[in-house]
Every structure is written in structure tokens, then in C-alpha cells.
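**Student:** This structure is in C-alpha cells; I'll ask about it shortly.
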Amino acid sequence: MISLDLIRDILSWALFLTGGAAVVTGAIGIVRFPDFYTRLHAAGITDTAGAELLLLGMMLQAPSWLVVAKLVFVGFFLFMTSPVSTHAIAHAAWVVGLRPMLGSDLKREGDAQ
0 MISLDLIRDI
10 LSWALFLTGG
20 AAVVTGAIGI
30 VRFPDFYTRL
40 HAAGITDTAG
50 AELLLLGMML
60 QAPSWLVVAK
70 LVFVGFFLFM
80 TSPVSTHAIA
90 HAAWVVGLRP
100 MLGSDLKREG
110 DAQ
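Residue 0 is where the sequence shown starts when you use numbering that gives the first Met the number 0, and the numbers rise one by one after that.
See below:
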């Protein structure tokens with residue numbers, strides 16, 4: 000019979016690996032994407048999805064309910080503030096005149112290579 004500790008370890012490691020993959024994917028997107036807005040989107044995914052999955056994995060491995068409660072507060076804070084800050088940064092860039100690259104812009108950039 001499978002013990003609850005083994006199930007908890009498997010679930011937490013699955014969350015750690017999935018969260019780590021989200022963070023790595025977002026980091027690659029930050030480096031590879033062509034303009035500010037798409038890079039900001041990759042950073043937002045890394046910040047929200049990757050961090051939340053890692054926090055869930057940590058909650059499963061936490062030694063006490065006090066630690067779980069603290070991680071819940073951190074997760075709630077990230078869940079609420081990350082999208083808002085990403086939107087504020089994108090709005091500030093739009094206000095100062097930074098426009099996203101469109102299809103014709105991307106085609107010209109690809110021709111230059």
C-alpha cells in the first residue's frame with residue numbers, strides 16, 4: 000500500500016518540476032521574444048504561474064501549518080500583485096509612446112538577419 004508521505008512527495012515534486020519548467024520557459028521567452036510587450040508577457044507568466052506552482056509544492060512539504068499559512072499569504076500576495084504590476088508597466092510603456100511590434104515590423108526585422 001502506498002503511504003500518504005509518498006503521495007505527498009510525488010505531488011510536491013510534480014509541482015516543483017512544473018513550476019521550474021514554467022520559470023525556465025519564461026526566462027527563455029524574456030531572452031528570445033522580439034519586443035518589450037512580449038517579453039513582459041513572458042515575465043508575467045514566470046512571476047505568476049511559475050512562482051505559484053513552486054509555492055504549492057513548498058506547501059505540501061511544509062513541516063507545520065504555520066509555514067503553510069505564511070506560504071498562502073505569500074502566494075495570495077503574488078497572485079494579486081503580479082498581474083497588476085505587469086499591467087502598470089505595460090500601461091506606462093504605452094503612455095510614453097512605446098508601441099508593440101506588428102506583423103510588418105517583425106517581417107522587416109527578420110529580413111535584416
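Cβ coordinates follow ideal geometry from the N, Cα and C atoms, glycine included.
Okay, do the region 10-19 and the region 27-38 touch, 3+ Cβ pairs below 8 Å being the bar?
**Tutor:** Judged by Cβ distances under 8 Å, the region 10-19 makes no contact with the region 27-38, as fewer than three pairs qualify.
**Student:** At the level of alpha carbons, what is the spacing between L65 and H90?
**Tutor:** 38 Å
**Student:** Would you kindly work out how many angstroms separate the C-alpha atoms of W12 and G56, rounded to a whole number?
**Tutor:** 7 Å
**Student:** Rounded to whole angstroms, what is the Cα-Cα separation between V67 and A42?
**Tutor:** 26 Å
**Student:** Can you tell which of V22, L53, L54, L52 has the C-alpha that lies nearest to the C-alpha of L40?
**Tutor:** Note that residue 40 is His in the sequence shown, not Leu. Among V22, L53, L54, L52, the Cα nearest to that of H40 is on V22.
**Student:** For Y36, collect the residues of the same chain with a Cβ closer than 6 Å to its Cβ; drop the 5 residues on either side in sequence, then sort them by chain order.
**Tutor:** P99
**Student:** Apply the 10 Å Cβ neighbour rule to T45 and answer buried if 16 or more other Cβ atoms are within range, or exposed otherwise.
**Tutor:** buried
**Student:** Report the three-state DSSP secondary structure of M113 (helix, strand or coil).
**Tutor:** Residue numbering for the chain in the displayed model covers 0 to 112; residue 113 lies beyond these limits and cannot be assessed.
**Student:** In terms of alpha-carbon separation, which member of V83, P82, M58 lies closest to L114?
**Tutor:** The requested residue 114 is not part of the displayed model; the chain covers only 0 to 112.
**Student:** By the three-class DSSP mapping on this structure, what secondary structure does S63 have?
**Tutor:** It is coil, neither helix nor strand.
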